[in-house]
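Below: one structure, written as structure tokens.
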RNA sequence: GGCCCCGUAGCUCAACUGGAUAGAGCGCCAGUCUUCUAAACUGGAUGUUGCAGGUUCAAGUCCUGCCGGGGUCACCA
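Numbering (my numbering), first residue to last: 69 to 664.
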């Protein structure tokens, strides 16, 4: 995947601004300064040599009154150095003060070192946002190859709301990792090999008979959904009456293929509505008869992890029809699972777990450095066994992170949204996207942590007020563009170096400076929701600044009759727009330039 | 019964590989529009972070045990 995040960055020439290098990640740079000073202290014998500095952090303080940044250096080094935190902090503070970027360094609390930065730096941050296309991006991923598998819904019908959350989450996570320097592949695993696609085939066959005028009923768990009517009709158009009255053995393979193709076309169309794109689709069926499952199991066998055995009955309530069976088992307990898992049934057929192992074996074989699976929360029980499988197959080299997306509860004006499963009708991805649009759907789905349940209210999602985070963020961006349009009319140079004076302006600039750091935190934790929360906070700072123009006209971005002052003021809102656009780009949301 | 997730203000939720006095929004009260869009902003009250221990200089965060909610649990995928 290419770096397709369009930050909406205006095409401007690089400002000629002395020899200073652009401020790409202020927190990383100040941390580097702190570390350098600590190393100097070690070299001079003030601190013992060989101290581990990994735990030294430079963070935004919880309370802005504490300064611009805080470091825990003195506290984490106190014990290993055998020194008092304040002694370290005092010495470190004096050294940091020698750097022109540091305007203040105060020891506080148990040994925190609060740093106040030179005011000039903030304009440099704004400048970097505007002129450095890579601002916010990170090389944290170092080009490592990561496979993000998501959606992976059974090809038996349209995607529903639950899938929608997984689709949005996976897509945003993939974009986030891409932005943070990983080499990302997005993949959909097509479960076209199990019994449920046979059920699909029989359901399609019923609709086919129906298209031939026969009365049919959907029993034995066949799918009654309307979406198969046209598939049955299409099958009729293709094969005429060739399968009418024929035994299943005659038509099953062909109808199954036909049904799966139709369902995957449906699913791809659903994903397209959400602007979700996959790099590849991996067929479960392609694992059968090709030796891939056998190869994966053989790999485990070679590691002594496959054996014939009988599982204990589950603890607690004993299923009534439980009976001991000897099966082929994977010794997943050797890699952290609670019990060993069957890979072959007693009749020798593969269990569903075997192709899953083979699929992940294939992922490892393809050379990915990291794997991420996005599942629904109802798959929580498979986490340990899949991790065990990947650990075994890769000899612990390839980490697998499994992100579980919790339920989506639908509401309309606070009232739960009923759906009837019995009638085969359920709220689909299409239903949601057609009502609120892809941008709103995506943003709302990302305003919760993946493992927390999500309430989705159709009415609130499209409400145009500050109560709606989607709108709130979009509106901030629209306000900036309103200013830019007016600036263009007034012939104002919008490429001048930023001039910051007011506290509210510095507050916005500080928030902008956090962006690269936030990207890394979100990427490291595989938590794209952090982007959404950050954008809300940035928009909030921006709206606050905007409204300060009410009380203090000199803070308005456009200064009546003073194009020079306007030029200096306008850089900050432009930078806000750049970061909002970049952030929304990661979430897959189009930044609106005006609200209607 | 086993395993996994969750439990934070009246409500919905944040909280950075463990950091300072746990933060937002909603709701409630009081203010701000001859304006670059008031679709916004400003100020005010709210906590035994489910309970009890433990580790640590420092715990909402890590460990143990309980309580409550959800998910899941032997040839189904």
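C-beta: ideal position from N, C-alpha, C; glycine also.
Source: prediction; values computed, not measured.
Do residue j and residue i count as a contact pair if the criterion is CB distance below 7 Å?
i, j, result
"residue 410", "residue 395", "yes"
"residue 555", "residue 662", "no"
"residue 258", "residue 91", "no"
"residue 149", "residue 116", "yes"
"residue 225", "residue 308", "no"
"residue 442", "residue 113", "no"
"residue 190", "residue 610", "no"
"residue 339", "residue 506", "no"
"residue 657", "residue 511", "yes"
"residue 169", "residue 145", "no"
"residue 313", "residue 272", "no"
"residue 456", "residue 403", "yes"
"residue 501", "residue 538", "no"
"residue 466", "residue 458", "yes"
"residue 361", "residue 422", "yes"
"residue 429", "residue 461", "yes"
"residue 188", "residue 101", "no"
"residue 472", "residue 424", "no"
"residue 598", "residue 590", "yes"
"residue 504", "residue 478", "no"
"residue 352", "residue 260", "yes"
"residue 359", "residue 269", "no"
"residue 613", "residue 577", "no"
Ordered along the chain, which non-local residues of its own chain (more than five positions away) have a Cβ less than 8 Å from that of residue i?
i, result
"residue 99", "124, 125, 126, 139"
"residue 103", "121, 124"
"residue 397", "374, 375, 376, 377, 379, 408, 409, 410, 411"
"residue 420", "262"
"residue 214", "245, 250, 251, 252, 253, 436, 437, 438, 439, 440"
"residue 334", "225, 226, 295"
"residue 85", "The predicted position of residue 85 is uncertain, since its pLDDT is 40 and thus under 50; no value can be drawn from it."
"residue 110", "116, 117, 118, 119"
"residue 230", "444, 473, 475, 476"
"residue 95", "126, 127, 128, 137, 581, 582, 584, 585"
"residue 291", "224, 225, 267, 268, 271, 492"
Opposite residue i in the DSSP bridges: which residues?
i, result
"residue 348", "255"
"residue 14", "Missing from the structure shown is residue 14; the chain here goes from 69 to 664 and no further."
"residue 516", "Its beta-bridge partners do not exist; DSSP assigns none."
"residue 395", "377"
"residue 418", "412"
"residue 523", "477"
"residue 180", "176"
"residue 324", "Residue 324 is not bridged to any residue."
"residue 185", "170"
"residue 216", "254, 440"
"residue 496", "228"
"residue 483", "480"
What does a CB cutoff of less than 6 Å around residue i pick up in its chain, not counting 5 residues either side in sequence?
i, result
"residue 513", "233, 236"
"residue 332", "223"
"residue 453", "400, 405, 409"
"residue 475", "521"
"residue 182", "134, 135, 138, 174, 176"
"residue 481", "527"
"residue 206", "248, 249, 587, 588"
"residue 652", "659"
"residue 218", "234, 238, 442"
"residue 349", "256, 258"
"residue 579", "606, 609"
Does at least one heavy atom of the ligand FAD sit under 6 Å from the Cβ of residue i?
i, result
"residue 212", "No copy of the ligand FAD occurs in the structure displayed, which carries no ligand at all."
Please go through the same chain and pick out, in chain order, the residues whose beta-carbon is closer than 7 Å to the beta-carbon of residue i, but skip the five residues on each side of it.
i, result
"residue 548", "641, 642, 644, 645"
"residue 664", "none"
"residue 534", "540"
"residue 304", "276, 279, 280"
Fill in: the region 563-582 in contact with the region 620-638 per 3-pair CB rule at 8 Å
yes
Worksheet item: Would you call the region 283-303 and the region 239-252 touching, i.e. three or more CB-CB distances under 8 Å?
Response: no
Worksheet item: Looking at C-beta atoms only, is the number of pairs between the region 614-629 and the region 588-602 that lie closer than 8 Å three or more?
Response: no
Worksheet entry | Residue ranges of each alpha helix (DSSP H) within the region 580-652, 4 or longer | 597-619
Discussion item. Below 8 Å, how does it come out for the region 149-167 and the region 537-546: are there three or more Cβ pairs, yes or no?
Written reply: no
Discussion item. To test your reading of the DSSP string, which unbroken beta strand (DSSP E) runs of 3 or more residues are found completely within the region 107-141?
Written reply: 137-139
Worksheet entry | Start-end ranges of the alpha helix (DSSP H) lying completely within the region 436-474, minimum 4 residues | 451-461
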